[in-house]
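Below you'll find the structure, written out as structure tokens, and then a few comments.
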Amino acid sequence: MRGQPLGVRVFWSTVVVLGTLAVILVASLHQWGFDRGNLQMMLFMGIAAVAGGKKMTLFRPKQEDEDVSMSLGFAVTFAALLHFGPIGCILSSIVSGLSGSLYPKRQPWIQFVFNVALGGFEAFAASWVYMVTNGWTLQFTAERTIFAVCAATLTFFVMNTGGVATIIALSSGQSLTKLWRETFLWTAPSYFAGATVSALAVSIFGLKLGYIVLFVLPVAYLTWVSYATYTARASERQKHIEQLQENQSQLADLYLATIKTLALAIDAKDQYTHQHILRVQRYAVAIAEEVGMDGIELEAVNTGALLHDIGKLGVPEYVLLKPGRLTDEEFEKIKKHPEIGAAILDPVQFPWPVVPVVKYHHERWDGKGYPEGLSGTDIPYTARILSLADVYDALTSTRSYRGAWSHEQALNTIREGSGSQFDPDLVEPACRAITKVVEEMAVDGHGPLTSAHAAPEKLTSKAVQAAEDISRVSTEFWALYEVAQTLSASLGLTETVEILAKKLQAIFPGATCAFLELSEDEQSLEARAAVGPNSEYFKVSRTVKPDCLSLRSVLSARSFLGEYDSDDLYAEVEDPQNWAELKSSLIVPVVFKDQPIGTLNLYHQQESAFGHHEQHLLETIADRAAMALFNGVLYDRSRGHANTDPLTGLYNLRYLTQHVDLACGANEPFGLLCLDLDSFKP
């Protein structure tokens, strides 16, 4: 009982106390007992015990081991009331309850005690009602006994079914009225039928117990069989309905899973909206629930969020994947995707209003949106919700022309758009709902509230893995294109390696990316650029051992794939708490026409974060970037040689004239003497 709710414990205790008091009270009131013979009483108790074990199942509560059932014992108990009086009725009810609790399956002691106590108390109450309405006698009189039988039967029915329904409702949290009406009300005819048969038998056969038993039991048994057959068929129908509902639920899950997989594949084609639809779906559903939406509208938001960008299938890839800002003409092509998406989904017979969500999620409250320029409440409510979720995720995601905004910046922008871009009644609920979601996401290590260098979350399914593969293929293609296009226009090494490092970070999210330049004497490597976790330390790192991994890799022109080696590079870390522990490394040499230039190094916080696919890709990038890096190194070295003395490394006159402005003031004459001594160095 300790694990049960307080209401269950209080009601259980009350019934047990009342049942005990009823038995004690009846035993003390001898005038309530009518002597019909101990042998007859024992025989009747035996019949009550047999009848109590004959049950018909009413229903089986979900997640419960026990059925809710009704036994054949009532007809015998009521006959005992008419023949023996209250004592016989109470004893018969208790014996019937004991029998039903022990056979055919033994009930838990809590249920056992409750059933016996309830049986005793309801028998006491029904007996009292019968005796009062029948003039405190067991004699049959037409004008009183018919009413007394009906009153006592009603008392039995209400107390028995009401007591059982109450304990179930308290323990399961169901509505008592609904539970009693749907599960127990229909059993009322069986109570009145049993009572009528018992009363008829006693009125016909008087004190002849044998005839009463022979008359009552067959009728009661046939009634029990009829109800048992009915409940069995009803149970089969209910199971069939539940199976159909389960199948329907499975089909709905399959339906949504198919939609989700398709949407993920579409989403993966856009390298700048990676996992966008899953985040938007989560935000949109949270907003919908925050404003009390449920039913088909909530499902419309849930499904519409997954499919809201399906129209991007009709947008040219050169526009969709363009790394920079779009031109007006290109943006007009993007603006067509809601209508294209609605047209694609139009033949699909969704059970929810999904198409309006997809078509109108770019409309604005002030009417300046697209595709139709709807305003105010003319915009579907579900589309207004999705618009908020979509804009928030766009603001907190990295784009080629800007970095991701913080959570606070995004919410402030949404609030500034209240009444112009967004429904003013939805803005604050949306901010609350989104904040809850991103806080939950942060606990899992991802989302806008986590560090920009946090390790990405692990993949959870094959479908997500497939979407990752699609995204990676698209990202790799455009990354190679951008590397080739951008690096060909760069000249200095600093600009070249910074561009390259940023592109590598886009291809390998969560990784530290660094370029190390090989010294002219080929004895060491020194970092020229680094991005990602620990980048502030790697930017000033260098090799100190002649046999370190990076130096061996560039001199042998062979890549390294394996665990992170802390002895490879020396990086001075002032505060170890700011150092993110690295576990994986990928080192690829950069070689141009057999001339070693340096290495591209990738590091990651996860174990085995890189594989042969990543190695092949980085080697391809290194090969494409080799000429640009070689030109950058050559340019920087040539520029350095032109401005420094080749022997001493000191700056020469050319450097001086480039960086010092020689001017003679009117009041402060200034002179500089430069001497060039022939054969000074020898």
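Mapped onto the working numbering, the consecutive letters of the sequence shown carry residue numbers 2 to 683. All C-beta atoms, glycine included, are put in the ideal place defined by N, C-alpha and C. Just so it is clear, the structure is predicted and the values come from calculations on it, not from any experiment.
Taking C-alpha atoms, which residue in P339, A384, S407 lies nearest to P372? It is P339.
Between which two residues does the beta strand (DSSP E) carrying Q596 extend? Where Q596 is concerned, the enclosing beta strand (DSSP E) stretches over 596 to 605.
Unbroken beta strand (DSSP E) run spanning R711, endpoints: Since the first and last residues shown for the chain are 2 and 683, residue 711 lies out of range.
Taking the straight line between their C-alpha atoms, what separation do you get for Q64 and I380? For Q64, the pLDDT reaches just 42, beneath the cut-off of 50, and the residue's location in the model is therefore unreliable, leaving the point undetermined.
Straight-line CA distance for R238 to A194? Their backbone Cα atoms lie some 26 Å apart in a straight line.
Got a sec, what are the start and stop residues for the beta strand (DSSP E) E564 sits in? 561 to 564 is the span of the beta strand (DSSP E), which, as asked, contains E564.
In its own chain, which residues sit with a C-beta less than 6 Å from the C-beta of T146, not counting the 5 before and 5 after it? Around T146, the same chain offers N135 as residues with beta carbons nearer than 6 Å, after the five sequence neighbours per side are excluded.
On the three-state DSSP scale, how would you describe S520? Three-state result, S520: coil.
Alpha carbon to alpha carbon, how far is G533 from Y565? Give it in angstroms, no decimals. Taking the straight line joining both Cα atoms gives about 15 Å.
Quick one: what does DSSP say F611 is sitting in, helix, strand or coil? Residue state, collapsed to three classes: coil.
Other residues of its chain near K546: CB distance less than 6 Å, five sequence neighbours each side excluded: Hits under 6 Å: none found.
If you measure between the beta carbons of Y652 and N644, is that distance less than 8 Å? Less than 8 Å divides the Cβ of Y652 from the Cβ of N644.
Do G511 and the ligand FMN come close, with the Cβ less than 7 Å from some heavy atom? The ligand FMN is not part of this structure, which contains no ligands at all.
How is P590 classed by DSSP in three states: helix, strand or coil? In this structure, P590 counts as strand in the three-state DSSP scheme.
Which residues DSSP lists as bridging Y652, in chain order: Y652 pairs with T645.
Taking only three categories from DSSP, how would you classify Y131? Looking at Y131 - three-state DSSP - the assignment turns out to be helix.
Do the segment 276 to 288 and the segment 415 to 423 touch if we need at least three Cβ pairs shorter than 8 Å? Judged by Cβ distances under 8 Å, the segment 276 to 288 makes no contact with the segment 415 to 423, as fewer than three pairs qualify.
Just the C-alpha distance for N116 and G98, rounded to the nearest angstrom, thanks. The C-alpha of N116 lies about 6 Å from the C-alpha of G98.
Considering only the alpha carbon of each residue, which of A411, G448, E300 lies closest to P354? Out of A411, G448, E300, the CA that lies nearest to the CA of P354 is found in E300.
Could you give the residue range of the alpha helix (DSSP H) that holds D394? Where D394 is concerned, the enclosing alpha helix (DSSP H) stretches over 382 to 396.
Range of the contiguous alpha helix (DSSP H) that encloses V1: Absent from the structure is residue 1, since the part of the chain shown begins at 2 and ends at 683.
Return the CA-CA distance between Q616 and C514, expressed in angstroms with no decimal places. Distance from the CA of Q616 to the CA of C514, rounded to the nearest whole angstrom, comes to 13 Å.
Less than 8 Å between C-beta atoms, sequence neighbours within five positions excluded: which residues of the same chain meet that for Y298? A small correction: the amino acid at residue 298 is Glu; Tyr does not occupy that position in the sequence shown. Excluding positions up to five away in sequence, the list reads A289, W353, P354, Y382, T383.
Roughly how many whole angstroms lie between the Cα atoms of A23 and E441? Approximately 56 Å between the Cα atoms of the pair.
State the Cα-Cα distance for the pair V16 and F158, rounded to the nearest angstrom. So the two alpha carbons sit approximately 16 Å from each other.
Taking Cβ to Cβ, would you say D329 is nearer than 8 Å to W366? No. Outside cutoff.
Would you identify the three-state DSSP class for A301, choosing helix, strand or coil? Residue state, collapsed to three classes: helix.
Just the Cα atoms here: how many angstroms apart are V150 and T162? For V150 and T162, the distance between alpha carbons rounds to 18 Å.
If you compare alpha carbons, which of A76, V591, A572, A443 is closest to F516? Looking at the Cα atoms, V591 is the closest of the given residues.
State the DSSP-derived secondary structure class of T259, mapped to helix, strand or coil. Looking at T259 - three-state DSSP - the assignment turns out to be helix.
Can you look up W33 in the DSSP assignment and give me helix, strand or coil? Legend: pLDDT at W33 = 45, less than 50; position of this residue unreliable, value from coordinates given subsequently. Residue state, collapsed to three classes: helix.
Exposed or buried, what is W406 when buried is set at 16 or more other beta-carbons lying within 10 Å of its beta-carbon? Residue environment for W406: buried (at least 16 other C-beta atoms within 10 angstroms of its C-beta).
G86 versus I111: straight-line alpha-carbon distance, rounded: Near 29 Å, if we compare the C-alpha coordinates of I111 and G86.
What residues in its chain sit with their C-beta under 8 Å from that of S520, if we drop five residues either side in the sequence? Once the five neighbours on either side are set aside, the close Cβ partners of S520 are L526, E527.
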